[in-house]
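S.K.: Please find one structure pasted underneath; my questions will follow.
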Amino acid sequence: MTLSLVAEFWAFMRERKKWWLAPVILMMLMLGALIFLTHGSAISPFIYTIF
C-alpha cells in the first residue's frame with residue numbers, strides 16, 4: 053500500500069508540475085520521525101520547546 057501511495061504521489065507531481073510539494077512532504081516526514089524517535093528520550097523536552 054505504501055509503495056503505491058508513493059508512486060501515485062510521484063505521478064501526480066510529474067503530471068501537474070507540483071514540484072514544490074516534495075520538500076514540504078519531506079520536511080513533514082522528517083519532523084514526524086524526529087518526534088517519534090525522541091519520544092522517550094531525555095532530549096524530548098528540548099525538541100518540544102523548539103515548536
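Numbering-wise (this note's numbering), the sequence shown opens with residue 53 and increments by one.
All C-beta atoms in this analysis are idealised placements derived from N, C-alpha and C, irrespective of residue type, glycine included.
With a CB to CB cut of under 8 angstroms and the five nearest residues on each side skipped, what residues in its chain are close to Lys70?
M.R.: Here residue 70 corresponds to residue number 18 of the sequence shown, with the count starting at 1. Counting only Cβ-Cβ distances below 8 angstroms, and skipping sequence neighbours, we find Phe64.
S.K.: Can you tell me whether DSSP reads Ala85 as helix, strand or coil?
M.R.: On the sequence shown, residue 85 is found 33 positions in, with the first residue counted as 1. The answer is helix: DSSP assigns Ala85 an H, G or I state.
S.K.: Roughly how many whole angstroms lie between the Cα atoms of Val58 and Ala74?
M.R.: Reading the sequence shown from its first residue, position 6 is the one you call residue 58. Reading the sequence shown from its first residue, position 22 is the one you call residue 74. So the alpha carbons of these two residues sit roughly 11 angstroms apart.
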